[in-house]
Structure formats: C-alpha cells, structure tokens
C-alpha cells in the first residue's frame, strides 16, 4: 500500500518517468519497457503499509524496515550527552523507507547535518554521511533516531518538527532509496533483536525499556 504522503515525495520522479516513457514509446519502444519497469519499481519503493504496533509502554519498536547490522554501546555526546545502546538498521532499496517513531512522546530536537554519501553498510557512514538526528522524549526516557543517507539515498525528508507529539509507530519522515537508520537507547535497555535479524518499522519490538527509570547520568 502506498500512502499519499509517501507517494507525494515521488511526484517528480514519477512525472519524469511518465514523460520519458511517452518519448521512448514513440522513438525507442524497447526502452519504454525498461522505463515502465522502473516506474513500477518506484511505486513499489514508495509504498507505506499500515502496521500493527505493540502498545506496551516498555516496548520500543523498530524505527525502520531492514536488517540489524549493529548493536553496540557508544557515547552519544552531542544530543543525549550520555552513553547509549545503539541499534543500527540497514535499509536496502527493496525495504520500506518511511521512518516511524520508536516510542510515543514529544519531538524535542531535529537537526540535519551535511556530509558524505558512503555506503550505508559502512559503520563510518554514521559519522561521515549526511544525516538528521531526532530526539523524542517520552515518559521518563529520551531516545534518539538518526536518519542517514547512503550511496544511493541522498535525500532525507522530515515530516514532523520540534514540538510535535508523536505516537508510537507514527510516521515522522523518510529516506529516499537505500540508507541506514540508527536508534539510540538508554544503556540499560534490553535488545530484543540480534545482528542479522530483519525488522519492520512500527511493528517489530526492537528493545525493552527499564520502566520507571530515566536516562543514564551523562558521561563526564
């Protein structure tokens, strides 16, 4: 299923493909077949299915579709200013690229960062690639979600803004074509996935929070 908002992000691509298809159909009919296939793929890429979302308050859901490529402890000293548990998801060009809120809460920060366009499977892409960091403050907890461009994906589209209240699993933006999404959790959060697992945004429980506790004390 393709939601209107996701499809809107493809309007120029689809419009250009329609023009190319018409020209190719008149001049190079064999090329029209290839363009038609790419048109259908583009519709497939910008799909945005509805997902059932676990409502347990201690469950964090995946912010994106894709493959778990990293689960590490790392200091996030710029925004959360503490040591965190980072879970990274690689999105191939066949995955849904709409990003979803991992918890319910308020968007307290959303900041883009210019950078390179390394392959999103490369851990260095976390620091060197163009990205946008989101901070969502829930009930006694703050989590970070970083949208990272890749070698093919070169545009991050924000749909929410600072001050917005988002529900768990709610759409807050997307990345166009293959990319990487990272989730920054409190250090005591329990991962419910392992490296190599495939997850679905808004649907797959990715971690369990320790309820009643705020974020760890900032690192000195």
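In this note's numbering, the protein residues as written are 44 to 263. Quick reminder that beta carbons are idealized off the backbone N, C-alpha and C, glycines included.
With a threshold of 7 angstroms on Cβ separation, who are the neighbours of residue 158 within its own chain once the five nearest residues in sequence on each side are excluded? 171, 172, 173 and 174
Are at least three pairs of beta-carbons, each pair with one atom in the region 91-99 and one in the region 193-204, less than 8 angstroms apart? no
Using DSSP with H/G/I as helix, E/B as strand and the rest coil, what is residue 83? helix
Who does residue 248 pair with in a DSSP beta bridge? 104
When burial is assigned at 16 or more other CB atoms within 10 Å of the CB, is residue 119 buried or exposed? buried
Do the region 54-73 and the region 128-146 touch if we need at least three Cβ pairs shorter than 8 angstroms? no
Output the boundary residues of the alpha helix (DSSP H) element that contains residue 67. 54-70
Beta-ladder partner(s) of residue 134, from DSSP: 222
Looking at C-beta atoms only, is the number of pairs between the region 74-93 and the region 109-128 that lie closer than 8 angstroms three or more? no
Run of the beta strand (DSSP E) containing residue 143, from where it starts to where it stops: 141-143
Which whole runs of the beta strand (DSSP E) in the region 187-243 are 3 residues long or more, in chain order? 199-201, 214-218 and 222-229
Starting from the Cα of residue 153, find the closest Cα among 134, 187 and 126 and give me that residue. 187
Are the region 229-241 and the region 201-220 in contact at 8 angstroms, needing three or more beta carbon pairs? no
Residue 164 bridges to which residues according to DSSP? In the DSSP output, where bridge partners are listed per residue, residue 164 has none listed.
Answer yes or no: do residue 195 and residue 136 have a C-beta to C-beta separation smaller than 8 angstroms? yes
Could you tell me which residues DSSP puts in a beta bridge with residue 177? 153 and 188
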